[in-house]
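Numbering (my numbering), first residue to last: 47 to 176.
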Amino acid sequence: MGDWPQTAKLNIIDLATSPPQELSILQADGMRIHDVRVTAPAQLGIVMSDNSSMGPLAMSLYSLPIMGGEPQYLADLGYIDQPKLSPDGAFVAGIAYPDEKLVIYSVADGHQTIISMPGGVSNFTWQREW
Numbered sequence: 047m048g049d050w051p052q053t054a055k056l057n058i059i060d061l062a063t064s065p066p067q068e069l070s071i072l073q074a075d076g077m078r079i080h081d082v083r084v085t086a087p088a089q090l091g092i093v094m095s096d097n098s099s100m101g102p103l104a105m106s107l108y109s110l111p112i113m114g115g116e117p118q119y120l121a122d123l124g125y126i127d128q129p130k131l132s133p134d135g136a137f138v139a140g141i142a143y144p145d146e147k148l149v150i151y152s153v154a155d156g157h158q159t160i161i162s163m164p165g166g167v168s169n170f171t172w173q174r175e176w
């Protein structure tokens, strides 16, 4: 999937700054953005999928300079649901398809760790270090 598709402007308001700061990134035409996070100074991590397919969606990870520049394709993440970037951008977690187990993908080396989820659990979140 690696090519960055046609784009349209997408504005994100960072409410954590005072005053709130507007960040402009590009929305990929025909693509769905599932998660966006500041992963390094002046870099956004973006998890996207092709919005035109039916059924499970194959996810891809990109890095995009906040102040402009070309996006960098980082990885294919496979078929996962509810993808979430870790607070530092080093990992992406999601629910694997079709076995519905939690998969944690290392951005640095592509290693995937699969964890069985307890019955009845259907969602998860990253926790910041205290």
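Even for Gly, the Cβ is constructed at its ideal location relative to N, Cα and C.
Where residue i sits in the DSSP three-state scheme
i, result
"Thr171", "coil"
"His157", "coil"
"Leu103", "coil"
"Ala136", "coil"
"Ser162", "coil"
"Ile150", "strand"
"Ala121", "strand"
"Asp81", "strand"
"Ala142", "strand"
"Pro111", "strand"
"Trp176", "At Trp176 the pLDDT is 49, less than 50, meaning the model places this residue with poor confidence and gives no usable figure here."
"Ala86", "strand"
Contacting residues, own chain, Cβ-Cβ under 8 Å from residue i (five flanking each side not counted)
i, result
"Asn169", "Gln128"
"Lys147", "Ile141, Ile160, Ile161, Ser162, Met163"
"Thr171", "Lys130"
Closest Cα partner of residue i within the set the options
i, options, result
"Ala154", "Met113, Gln173, Leu107", "Leu107"
"Gly124", "Tyr151, Gly165, Thr171, Ala104", "Ala104"
"Tyr119", "Met94, His157, Thr171", "Met94"
"Asp145", "Ser152, Gly165, Lys130", "Gly165"
"Ile177", "Lys130, Pro102, Gly114, Gly115", "Residue 177 cannot be examined here, being either before or after the span of the chain that is shown, 47 to 176."
Nonlocal neighbours in the same chain, by C-beta distance under 7 Å from residue i, ignoring five residues either side
i, result
"Ile112", "Leu69, Ala88, Gln89, Leu90"
Proximity test, residue i beta-carbon vs the ligand SAH heavy atom, cut-off 7 Å
i, result
"Ile126", "Questions concerning the ligand SAH fall outside what the structure shown contains, since it holds no ligand whatsoever."
Status (buried if at least 16 other CB within 10 Å, exposed otherwise) for residue i
i, result
"Val167", "exposed"
"Gly156", "exposed"
"Gln173", "exposed"
Neighbourhood of residue i by C-beta distance below 6 Å, restricted to the same chain and skipping five residues each side
i, result
"Ile150", "Phe137, Ala139, Thr159"
"Tyr143", "Pro102, Tyr125"
- Query: Are the region 129-136 and the region 83-91 touching, with three or more C-beta to C-beta distances below 8 Å?
  - Reply: yes
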